[in-house]
Amino acid sequence: MGSDVQNKMNALAQKWDGFLGKVEGRVQAVIAETNEGLDQLIAQHAIDHGPMGAAFGALKARFHGLSSKVGDAWAKIDGEIDEVRGDDGFTSADYGAVSAVRDAMHDKYSKMIDDLALHREHIEMSKNADWARRLQLLAQEEAGKGVPCSQCGTPMLVENLDCGGPQKCGSCGAVNNVLPEAASALFYRGTGVRALANEQCWQYVLAERDAKAQFDRKRHPTAYDHRAYLKAAHEKFTAYYQAGVAIYPKFTDDVTAAVEAKMKHYSAWDREVDKQKRELFGRIVEASSTGDVAGLDALVGNLPNFVGFDECIECLVERRHYPAAEYLFGKKYSMKGEGVAKARWVVSKLAEMKRFLGSD
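For the sequence shown, my numbering assigns the number 1396 to the initial residue and increments by one for each residue that follows.
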């Protein structure tokens, strides 16, 4: 990279780092302000979900605003990078170097957007759990007082804390329609038990989040990649419902059935063609891993019409299976009849694909 281009890119990179540092400082201020405000609401208005809902809505709006600000700033600085590329005397070597700097800056942008979402989710999780603990204490106080019988006034303990229902008075025998009071209803039927269960399984929430990110990063995921993502989701929901039942046995009648119901969301929109692609790419990666050249030949020699030859190579390159990728590039060279030397062409094409996929 020429010195003039390098100086311009260094200045843009420093400008971007400085901006992100300011955003991070603002994020920490928002977190502190939010925690303080929500703690006050929990102490003063625990049984009124109106103010609490408004506060969580405001939290989402603030983080959405920060995300939009970061996105707008990135669009502006990316435009400035395009201007550098348009300078007179800009060479192909400059292009590669500038692209590398730009990619590093974009990675920081993506990380900031992801971090903003995670910060918001963590605040919502932790403050909802704090709210739930406050509701639980108030619900215990309500349970201690009971609900007076409509006939004789004798206090009756609420049997169905989540929804109430008909109950016979132990003193006079009158049947009452007993309903839980505000804190009990919010804790057992509303946000309370769910919030505490979510807090207890937070490590599984993060694990599923990471598994999804890894799956989404794959240009050509395999069946194994998909199973790893589904496994993380299954573990999250299992931990969630087990925690909920431990807090309140009526949280769900059947943990296994509840988990399977949630998992249906992960298969409802899974197209058959995508399943077939994942299976095929999985077999290609397996053949590469075991050195099964004949198996690899058989797979790429009989591709379905919805999978291209280059996609098979990309699947290998993004996993850094370079020897098998070189082998397939060699087969492609033979099919296309390129005019340059085979070894040179294969090395060039592999390097080009590495840069394209960011697998260097």
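In this text, a Cβ means the ideal position worked out from N, Cα and C, and glycines have one as well.
Residue pairing for Pro-1561: DSSP places it in a beta bridge opposite Asn-1572. Rounded to the nearest whole angstrom, the C-alpha separation of Glu-1428 and Ser-1662 is 40 angstroms. Taking a C-beta distance under 8 angstroms as the contact criterion, Ala-1441 and Leu-1556 do not qualify as a contact pair.
Here the segment 1541–1553 does not lie against the segment 1587–1594, with fewer than 3 beta-carbon pairs under 8 angstroms apart. With a cutoff of 8 angstroms on beta-carbon distance, Glu-1630 and Ala-1602 are scored as near each other. In this structure Val-1654 is in contact with Phe-1632, their Cβ atoms being roughly 5 angstroms apart against a cut-off of 8 angstroms. In the three-state reduction of the DSSP assignment, Pro-1550 falls in the strand class.
Around Glu-1721, the same chain offers Val-1741, Leu-1745 as residues with beta carbons nearer than 7 angstroms, after the five sequence neighbours per side are excluded. In the three-state scheme derived from DSSP, where H, G and I count as helix and E and B as strand, Pro-1699 is classed as coil. If you draw a 10 Å sphere on the C-beta of His-1459, you find fewer than 16 other C-beta atoms in it, and that means exposed. The continuous alpha helix (DSSP H) containing Leu-1461 extends over residues 1444–1480. In this structure, the alpha-carbon of Ile-1426 lies about 38 angstroms from that of Tyr-1619. Looking at the DSSP output, Pro-1543 bridges to Pro-1550. Taking C-beta separations shorter than 8 angstroms and ignoring five residues to either side along the sequence, the partners of Ala-1627 in its chain run Tyr-1599, Ala-1602, Glu-1603, Asp-1605, Ala-1606, Lys-1607, following chain order. Ranking Cys-1567, Asn-1523, Trp-1469 by CA distance to the CA of Gly-1452 puts Asn-1523 first. Pairing Pro-1575 with Cys-1558, the inter-Cα distance amounts to about 7 angstroms.
Contact between the segment 1404–1419 and the segment 1454–1473 is present: 3 or more CB-CB pairs across the two stretches fall below 8 angstroms. Each residue's CA atom was taken as its position, placing Gln-1423 and Asp-1502 some 21 angstroms apart. In summary, Val-1702 is buried, with 16 or more beta-carbon neighbours lying within 10 Å of its beta-carbon over all protein chains present.
Judged by DSSP in its simplified three-state form, Thr-1685 adopts helix.
Cβ-Cβ distances below 8 angstroms link Ala-1408 to Val-1496, Ala-1499, Met-1500 in the same chain, with the five nearest sequence neighbours on each side left out; the list follows chain order. Straight-line measurement puts the Cα of Gly-1587 at about 10 angstroms from the Cα of Ile-1642.
By a beta-carbon distance limit of 8 angstroms, Leu-1694 contacts Ala-1682. Their separation comes to about 6 angstroms. Counting C-beta atoms within 10 angstroms of its own C-beta, Arg-1715 has fewer than 16 neighbours from the protein chains shown and is therefore classed as exposed.
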